[in-house]
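Reviewing the structure listed below.
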Ligand SMILES: [Zn+2]
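Residue numbers (my numbering), protein chains in the order written: chain A, 59 to 542; chain B, 12 to 501.
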């Protein structure tokens, strides 16, 4: 790979399609639930494209698009419009898709991320809004199928397209870009980030050019990548394939290739010669939109703290390394888990280490997200407290965490750890009791005079000396014994 | 005089006074359809049962005097481009044969709310593309004034129905003259409202930026009554205007005294029949006698309106008609071996020649490399036409001219020459492109065939167009002339 890397420069641009989390579809009142509803249950004349039906814009979808664009540092033009993209396909009931062509809701933004600590910036060409298509179900393989069924539940679901500049220089950068973008979409609540079900989809334009050249090479569009890993593998594969073609004196064809995850390769789907002419023209059924500055500022004011800002704050406020801060902020639930643990009294550094270490390892093995775990910030904080007070060895803590993680309720494992770390033996406690009596003569006298309150104080002092590990019931008994 | 000879206003009074019932009235119209329907071929579908059911319901409403509206119990015909829930709606096309929409157009719902009675779906040029009704996917319509003549198009079925007594009134749609031209050719009143005045929801689209639904009636009062019922904002049509709807009857009788009326010199086009021109000149003089001042004005870009229209309308149509692919509803060709073949066979067999011609024109105009030269250029021309009207309306209140340069021509006369057919719409098209409203009102007969006077008013000034048309109508007897088919029954 290193020889390749010096000879050719890799140029990657990404097109990410993200479904907008709205209750109703882009241009009608139908529910956007297409994953669990029975086929064609959530349809109406509008999303079925029946003759005479007309679209009405879902303002919430527009708002989500502007929200996304603002989070990606885009300009929001004051004037925008929808266009028709014309093509024939059975999952497209009107024979055109309502999309945005030359006046999208936003343009010229950027996304900052880092690859193993090195900062990167990728330009964002545009974020625009369009409608999703229905879904076909073929009887067997597509080329042999004797029949196909079509489900229009997804037809008209709002879909954002986020187009990047060809600024990415490796599969690593591409993967990090998508991870960071996904985090932002989740942070601002516009998309759930689910790549497997297709709610977040990614296409990559991959090309090579001689190192030092500023011209773009022949680009290949890669589709069907359903995970971060697939994005990484597909681009790596394309780089090797394209390098081989160029090295053997061949020429690359501009084409669309599909990633086959099982076989680990890309397969040509169609070449540019058959490229469609989409005959874009302004959608006459929807008047152009004036995007008021007031509205944009309102949306901007409602943006939550974004990953980049949160990372900066984590470094400054908690003394974390930029790398740890970056990982912790990669998803909103993880960042919030960390902050809550710290708020409850967990030491920042140790909290971060546990979340990024054992916790993430266990979650990854189970393909789970942090918010799906039964371990909550309070559990982690209590465990850390036991470690901090010295009652629990590192080894014990790991075992306890493991037990907590695998149990439906982490409390019993935590209680057991607490119990095992408690000092209950009278021999060990005797020294503590003697020390407390010697150092608090006045309280001892008060207790003798009948002030019950004074004994409480003495127990507290002993607890403090034991860093919380002493058994308070035993202390109570021993103190009464000794003072009387 | 039979019931079907009367106007909405008269019949409303009679229904209200319990002089007649809606069932009687409806039956009278159904009888006339029975008597002359096979000669005019005005209807594609007569919804007799639905009509009688609605008539009974209207009578109930009239009897209880509960929410009686001007259209309660009035039998009305609907152009086949309007969707009526569970009633076959085909836009005059074979490709929609068997299609029954699961919903009704907004205008249909509004008429239902008024208690109107639906007689059926009237014939039209396929997808409203045509000026003679000869492009119907089913059969041509014959003009009640001369059965060998066309009724005009594309709302020729609605026009023929109203002119033959087969409906008291009708709804049509007008993209480039499709209400006004057939109204003129059949001697009735046809109004094309301003784009955005009437909801297009449920109107099977031809050219989305130009289509408007409007009334086709026996006289101007009825036109106002019907417009009143269907106009107004609709949240389901984003292009419908939120502007309030005025009370059209309130100003109808205010006359034209002191009004400035312009006569665009460009509207006296080459090829205009001398008898038509004479009728129009006489009509203008009559309005002058009514107290209007007449002046010649210029709409300098009128000559490029037709070519611009034949880019914009087909371009939009090529996209609007893409959905008719045989996959989900309507006609599906048999014997296709794969998807592409199914698309091609369905569309080859389902669409008529004129529709295919316009789909090809529009597809070409939108193609990459041609878009700027055609579609974009046509949109610029449209802006010039809008500006022409704006400039003219700073000088005059409204414009006058012919609706059609000719009277109804014989069936088959222009079917071989699309351009000659397109020239029929030369004086009606600018109003669609210019976002203004226009009405055609009968202004006499030339060689026994009706001539229509066109009154064009600024956008959302239907009140003004109606008022001028009414002033003209009130001073003349032209609207009382009955077609031979209707008169014979008297
Ligand atoms: Zn829907």
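Beta carbons are placed, not taken as given, at the ideal position from N, Cα and C, and that holds for glycine.
| query | result |
| --- | --- |
| Give the single residue among B:392, B:457, B:378, B:144 whose Cα lies nearest to the Cα of residue 334 (chain A). | B:378 |
| Output the boundary residues of the alpha helix (DSSP H) element that contains residue 353 (chain A). | 351 to 359 |
| Using the C-alpha atoms, what's the distance from residue 384 (chain B) back to residue 375 (chain B)? | 11 Å |
| Is residue 180 (chain A) near ligand 1, judged by its Cβ being under 7 Å from some heavy atom? | no |
| Return helix, strand or coil for residue 42 (chain B), following the three-state DSSP convention. | helix |
| State yes or no: is the beta carbon of residue 485 (chain B) nearer than 8 Å to at least one beta carbon in chain A? | no |
| Touching or not, the stretch 160 to 169 of chain B and the stretch 140 to 147 of chain B, by the rule of three or more beta carbon pairs under 8 Å? | yes |
| Would the beta-carbon of residue 81 (chain B) fall within 8 Å of that of residue 31 (chain B)? | no |
| Quick one: grab the DSSP three-state call for residue 244 (chain B). | coil |
| Using the DSSP secondary-structure output, state which residues sit across from residue 339 (chain A) in a beta bridge. | A:142 |
| Is there at least one non-hydrogen atom of ligand 1 closer than 7 Å to the beta-carbon of residue 86 (chain A)? | yes |
| Mind listing the chain A neighbours of residue 215 (chain B)? Cutoff is C-beta to C-beta under 8 Å, in chain order. | 109, 110 |
| Measure from the C-beta of residue 60 (chain A) to each C-beta in chain B and report whether the shortest distance is under 8 Å. | Any reading at residue 60 (chain A) must be qualified, since the residue scores a pLDDT of 45, below 50, and its modelled position is unreliable; the value itself is stated next. With 8 Å as the cut-off, residue 60 (chain A) does not count as an interface residue toward chain B. |
| Taking Cβ positions, are residue 520 (chain A) and residue 533 (chain A) nearer each other than 8 Å? | yes |
| Starting from the Cα of residue 189 (chain B), find the closest Cα among B:350, B:92, B:256 and give me that residue. | B:92 |
| Could you check whether residue 149 (chain A) and residue 191 (chain A) sit closer than 8 Å to each other, using their CB atoms as the reference points? | yes |
| Inspect the CB distances between the stretch 475 to 493 of chain B and the stretch 223 to 237 of chain B and report whether three or more fall short of 8 Å. | yes |
| So, helix, strand or coil for residue 436 (chain A), using DSSP? | helix |
| Could you tell me if residue 524 (chain A) is buried or exposed, where buried requires 16 or more neighbouring beta carbons within 10 angstroms of its beta carbon? | buried |
| Specify, as a first and last residue, the run of the alpha helix (DSSP H) that residue 317 (chain A) falls within. | Element bounds for residue 317 (chain A): not the alpha helix (DSSP H) but the beta strand (DSSP E), 313 to 318. |
| In angstroms, rounded to a whole number, what distance separates the CA positions of residue 370 (chain A) and residue 380 (chain A)? | 8 Å |
| Does residue 152 (chain A) pass the burial test, meaning 16 or more other C-beta atoms within 10 Å, or should it be called exposed? | buried |
| Please classify residue 160 (chain A) as buried or exposed, where buried requires at least 16 neighbouring CB atoms within 10 angstroms. | exposed |
| Would you say the beta carbon of residue 544 (chain A) comes nearer than 7 Å to a heavy atom of ligand 1? | Nothing can be reported for residue 544 (chain A): it is not among the residues displayed for chain A, which extend from 59 to 542. |
| May I ask you to list, following chain order, the residues of the stretch 234 to 262 of chain B that have a beta carbon less than 8 Å from some beta carbon of chain A? | 246, 247, 248, 249, 250 |
| Closer than 7 Å, Cβ to Cβ, to anything on chain A: give me those residues from the stretch 328 to 340 of chain B, in chain order. | 330, 333, 334, 336, 338, 339 |
| Among all the DSSP beta bridges, which residues are the ones paired with residue 179 (chain A)? | A:170 |
| Alpha carbon to alpha carbon, how far is residue 200 (chain A) from residue 72 (chain B)? Give it in angstroms, no decimals. | 58 Å |
| Do you know offhand how far residue 79 (chain B)'s Cα is from residue 324 (chain B)'s? | 40 Å |
| I need the straight-line Cα distance from residue 89 (chain A) to residue 497 (chain B), nearest angstrom please. | 52 Å |
| Does the count of Cβ pairs from the stretch 335 to 346 of chain B and the stretch 458 to 470 of chain B closer than 8 Å reach three? | no |
| Can you have a look at residue 483 (chain A) and say buried or exposed, based on whether 16 or more other CB atoms are within 10 angstroms of its CB? | exposed |
| For the alpha helix (DSSP H) containing residue 193 (chain B), list its first residue and its last residue. | 191 to 197 |
| How is residue 477 (chain A) classed by DSSP in three states: helix, strand or coil? | helix |
| Could you run through the stretch 339 to 351 of chain A and flag, in chain order, every residue whose CB is less than 9 Å away from some CB of chain B? | 339, 340, 341, 342, 343, 344, 345 |
| Relative to the C-alpha of residue 391 (chain B), which residue among B:304, B:425, B:319, B:357 is closest? | B:319 |
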